[in-house]
Amino acid sequence: MASSVIDDAPVGLADAPARNINMIEAINDALDIMLGHDPTVIIMGEDVGYFGGVFRATAGLQEKYGKTRVFDTPISECGIIGAAVGMGAYGLRPVPEIQFADYIYPGMDQLISEAARLRYRSAGEFIAPMTVRSPFGGGIFGGQTHSQSPESLFTHVAGLKTVIPSTPYDAKGLLIAAIEDNDPVIFFEPKRIYNGPFSGYYDKPVEPWKTHPDSKVPEGYYSIPLGKARTVRQGDALTVLTYGTMVHVTAAVCREKGVDAEIIDLRTLVPLDIEAIEASVEKTGRCLIVHEATRTSGFGAELSALVTERCFYHLEAPVERVTGFDTPYPHSLEWAYFPGPVRIGEALDKILEA
Amino acid sequence: MAKPASKGKASAPSAATPTADVSGNADFVLHSLQQTHAKAPRYQASDDELLKFYEQMLLIRRFEERAGQLYGLGLIGGFCHLYIGQEAVAIGLQSALDADKDSVITGYRDHGHMLAYGIDPKVIMAELTGREAGISKGKGGSMHMFSTEHKFYGGHGIVGAQVALGGGLALAHQYRNDGGLCLAYFGDGAANQGQVYETFNMASLWKLPIVFAIENNQYAMGTSTARSSAETEFYRRGTAFRIPGMDVNGMDVLEVRQAAEVAFKHVREGNGPVLMELNTYRYRGHSMSDPAKYRTREEVQDQREHNDPIERAKKELMDRGRSEDELKDIDKRIRAQVSEAADFSESSTEPAPAELYTDVLVESY
Chain V
0 MASSVIDDAP
10 VGLADAPARN
20 INMIEAINDA
30 LDIMLGHDPT
40 VIIMGEDVGY
50 FGGVFRATAG
60 LQEKYGKTRV
70 FDTPISECGI
80 IGAAVGMGAY
90 GLRPVPEIQF
100 ADYIYPGMDQ
110 LISEAARLRY
120 RSAGEFIAPM
130 TVRSPFGGGI
140 FGGQTHSQSP
150 ESLFTHVAGL
160 KTVIPSTPYD
170 AKGLLIAAIE
180 DNDPVIFFEP
190 KRIYNGPFSG
200 YYDKPVEPWK
210 THPDSKVPEG
220 YYSIPLGKAR
230 TVRQGDALTV
240 LTYGTMVHVT
250 AAVCREKGVD
260 AEIIDLRTLV
270 PLDIEAIEAS
280 VEKTGRCLIV
290 HEATRTSGFG
300 AELSALVTER
310 CFYHLEAPVE
320 RVTGFDTPYP
330 HSLEWAYFPG
340 PVRIGEALDK
350 ILEA
Chain P
0 MAKPASKGKA
10 SAPSAATPTA
20 DVSGNADFVL
30 HSLQQTHAKA
40 PRYQASDDEL
50 LKFYEQMLLI
60 RRFEERAGQL
70 YGLGLIGGFC
80 HLYIGQEAVA
90 IGLQSALDAD
100 KDSVITGYRD
110 HGHMLAYGID
120 PKVIMAELTG
130 REAGISKGKG
140 GSMHMFSTEH
150 KFYGGHGIVG
160 AQVALGGGLA
170 LAHQYRNDGG
180 LCLAYFGDGA
190 ANQGQVYETF
200 NMASLWKLPI
210 VFAIENNQYA
220 MGTSTARSSA
230 ETEFYRRGTA
240 FRIPGMDVNG
250 MDVLEVRQAA
260 EVAFKHVREG
270 NGPVLMELNT
280 YRYRGHSMSD
290 PAKYRTREEV
300 QDQREHNDPI
310 ERAKKELMDR
320 GRSEDELKDI
330 DKRIRAQVSE
340 AADFSESSTE
350 PAPAELYTDV
360 LVESY
């Protein structure tokens, strides 16, 4: 367990001064704080320095911390990730950005064969304390190379941690925890909800974050431990396990249908908060899993297996999954592909009627 | 020229001492194409050829302007990379291809390369709007378009990934002995991807018939070449792999075309790959939501005013006696053609939902 580099963390977060910001601002805030407090933190990536990032997550940081702390890289994902592993082994804490999760594949060899395995094969002598930030997920008409949700490719690899926030508050606290963590962390940012939570109705105007309670983000340092799920809503009718954008879509559908769901935002897939999952499913006896990624071998398959193994005698209905279809992310028909309110609604009906 | 390049230090020293005649010197070959090009940089186009180039470039310009408008209206979603400013590259290179034999592959800024083939603008625009009538049934979108009829192998959204595929296309040309070459486009940004150099090595080692065409538009997305590249003279980047390089003005269609003549001849004679750097400039953002904070307005304006490939061709046409009215009529006709494409792309239907599950694998499931 990593120790905090901050000595003067506020005791009561609720009392800390706070402001309503969106997820991009929260991520920028976390990076700013960590750059300020820890001289080994370094940000690198395509367009992240001078330009401030295509989603503006690193805006202003190069001006503030200089080009040795925040710098542009060539379009060389394998090189970016590989360099970060070496930097981490030599005592730095790199935070490389891969501009879209879809661009991460050239770096897979370095992530799987090097980053994930360095600690194990050196018997703990060398580590790769790096945090790979990358926007992921669809809902922005990005087509097949700007929309994917590849999280289960990483959860399948022993030696990596995978974190996915769903609110500005969580994004800041989880990113700080990820950077402080002494293992390689894949930090996927759901880009559809950078600017506001998403109800699943693409034709409705975007609701900005500032009206959402979880956009109230304390100033200064705080961290949220990896491996702790968040109960978005308590309920008795069923348990919904989800993360990222789908937290908001699912919550909106449950509100609309008046379903008394207990919605659990996993926040980190590895390490997984299995205790929270078990406690909830044992209480409700029903479980729906929702993710945007493709279905076969998706993280939902792992969740379904775990729930079945551990809560079988409490289940009153088969575990259901709502996921993306097993196809590439389409250019047109995006909203037919996206596991939106209709499919979630049907699954809720099925599971509650069972 | 067909003689294999010497392996430098690894080979036994030649008995003959080097002479003033450098034509047999393998290192000279690396520069010889550039020297040939520098001696006579511009293609001697007939009046009709020049007019054709002008029309083709103008079609790309007007098409892209319209695509930008449709994007603004929400009819095109997501990512859309416009080719405005770079028109001379696609027209200059592709006009020199053997349409029956040669293949082309490119990255995501691909609309211009398709139009350069004379592919109907309607089916390209309909692909941009994601309609069933699009050339890839609306399933590929702006970045992913293909045409087997024209041996156009896409349209690839991942920076640099197409270069390795180009190596494979060239290997297939060689294996089939069909006399064709592969023209593989990529950008200055893609030139920093590792797989590009794996391909350089294989292409040179196996003497594959491939032309690597780097469209250097000066910016790797939002980062200038100076901030992203140790060697910004990209035509030199093949040297370590014994691939001759050519440094070409990509803002003059006749220079591009002439350079293509030199490069394609070298490749067709079985000498292996050529690396061309086409120095060009994109006027619009990297994609549509580009805040353009990485360069000045003045820089863009300067290129538009003093280095525009279409204006250059227009001036030359007028020097050759074409009237302003005649050129205006051409513009009018092209605008009408583009409007027709836009109307078509708006009125076509979206693909049926069942199309989601077609062409995932060979079987339907």
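Protein sequence lines correspond, in order, to chains V and P. Heads up, the first sequence is in numbering that gives the first Met the number 0, so the first residue is 0 and it goes up one at a time. Heads up, the second sequence is in numbering that gives the first Met the number 0, so the first residue is 0 and it goes up one at a time. Just so it is clear, CB atoms sit at the ideal spot from N, CA and C, and this is done for glycine as well. As the structure is a prediction and not an experimental result, all values here were calculated from the model.
{"Asked": "Counting only Cβ pairs nearer than 8 Å, list the residues of chain P close to Q147/V.", "Found": "None at all; the shortest Cβ gap to chain P is about 11 Å."}
{"Asked": "Going by CA-CA distance only, name the one from G35/V, K63/V, P270/V, S198/V that's closest to D182/V.", "Found": "P270/V"}
{"Asked": "Taking 8 Å as the CB-CB cut-off, is N270/P touching chain V?", "Found": "no"}
{"Asked": "Rounded C-beta distance between R266/V and I163/V? I'm assuming under 8 Å.", "Found": "7 Å"}
{"Asked": "For a contact meaning CB atoms closer than 9 Å, what does T293/V contact in chain P?", "Found": "None at all; the shortest Cβ gap to chain P is about 10 Å."}
{"Asked": "Alpha carbon to alpha carbon, what distance is there between I273/V and A189/P?", "Found": "43 Å"}
{"Asked": "Count the other CB atoms within 10 Å of the CB of T144/V; is the residue buried (16 or more) or exposed (fewer)?", "Found": "buried"}
{"Asked": "Shorter than 8 Å from the beta carbon of L355/P to some beta carbon of chain V?", "Found": "yes"}
{"Asked": "Can you tell which of V252/P, N270/P, R226/P, L360/P has the C-alpha that lies nearest to the C-alpha of P70/V?", "Found": "The identity of residue 70/V in the sequence shown is Phe, whereas the question assumes Pro. The residue with the shortest Cα to Cα distance from F70/V is R226/P."}
{"Asked": "Between the Cα of K282/V and those of E315/V, T39/V, I26/V, spot the shortest distance and give me the residue it belongs to.", "Found": "E315/V"}
{"Asked": "Which residue marks the beginning of the beta strand (DSSP E) containing T322/V, and which one marks its end?", "Found": "319-323"}
{"Asked": "If you reduce the DSSP assignment to three classes, tell me which class S141/P lands in.", "Found": "coil"}
{"Asked": "Taking only beta-carbon positions, decide if A189/P is within less than 8 Å of chain V.", "Found": "yes"}
{"Asked": "So with CB distances below 8 Å, who are the chain P contacts of S75/V?", "Found": "N191, Q192, G193"}
{"Asked": "For a contact meaning CB atoms closer than 7 Å, what does M144/P contact in chain V?", "Found": "Correct list: empty, because the minimum Cβ distance to chain V is about 10 Å."}
{"Asked": "Taking a contact to mean a Cβ-Cβ separation below 8 Å, would you say R41/P touches Q257/P in this structure?", "Found": "yes"}
{"Asked": "Roughly how far, in whole angstroms, is the beta-carbon of I343/V from the beta-carbon of T249/V, given that I think they are within contact range, below 8 Å?", "Found": "6 Å"}
{"Asked": "Mind reading off the beta-carbon distance from P95/V to I80/V? Whole number of angstroms is fine, and I expect it under 8 Å.", "Found": "6 Å"}
{"Asked": "Alpha carbon to alpha carbon, what distance is there between H330/V and G140/P?", "Found": "6 Å"}
{"Asked": "Is I75/P closer than 8 Å to A87/P when the C-beta atoms are compared?", "Found": "no"}
{"Asked": "Run down chain V in chain order and give the residues with a C-beta less than 9 Å from the C-beta of R294/P.", "Found": "Chain V residues near R294/P: none, gap ~10 Å exceeds 9 Å."}
{"Asked": "Give me the DSSP bridge partner(s) of P95/V.", "Found": "M43/V"}
{"Asked": "Give, in chain order, every residue of the region 198-228 of chain P whose Cβ lies closer than 7 Å to some Cβ of chain V.", "Found": "A219, M220, G221, T222, R226, S227, S228"}
{"Asked": "Determine the closest residue to T244/V out of L237/V, V252/V, T238/V, with distance taken between C-alpha atoms.", "Found": "V252/V"}
{"Asked": "Could you tell me the alpha carbon to alpha carbon distance between G111/P and P167/V, rounded to whole angstroms?", "Found": "41 Å"}
{"Asked": "Whose C-beta lies closer than 6 Å to the C-beta of P16/V among residues of the same chain, with five residues either side of it excluded?", "Found": "E218"}
{"Asked": "State yes or no: is the beta carbon of P40/P nearer than 8 Å to at least one beta carbon in chain V?", "Found": "no"}
{"Asked": "Check each candidate in D169/V, H155/V, V53/V and name the one with the smallest Cα separation from S222/V.", "Found": "D169/V"}
{"Asked": "I104/P touches chain V at which residues, Cβ-Cβ below 8 Å?", "Found": "By Cβ distance, chain V contributes nothing, its closest Cβ being about 15 Å from I104/P, past 8 Å."}
{"Asked": "Going by DSSP, name the residue or residues bridged to M245/P.", "Found": "M275/P"}
{"Asked": "Does Y184/P come out as helix, strand or coil in the three-state DSSP assignment?", "Found": "strand"}
{"Asked": "Using a Cβ cut-off of 8 Å, which residues of the region 157-183 of chain P contact any Cβ in chain V, in chain order?", "Found": "I157, V158, G159"}
{"Asked": "Quick check on this structure: which residue in M250/P, M56/P, F240/P has the alpha carbon closest to the alpha carbon of D307/P?", "Found": "M250/P"}
{"Asked": "Among V231/V, E62/V, A292/V, P204/V, which one has its Cα closest to the Cα of P149/V?", "Found": "A292/V"}
{"Asked": "Could you work out which residue in F145/P, T224/P, A37/P, A262/P is closest to I118/P when comparing CA atoms only?", "Found": "F145/P"}
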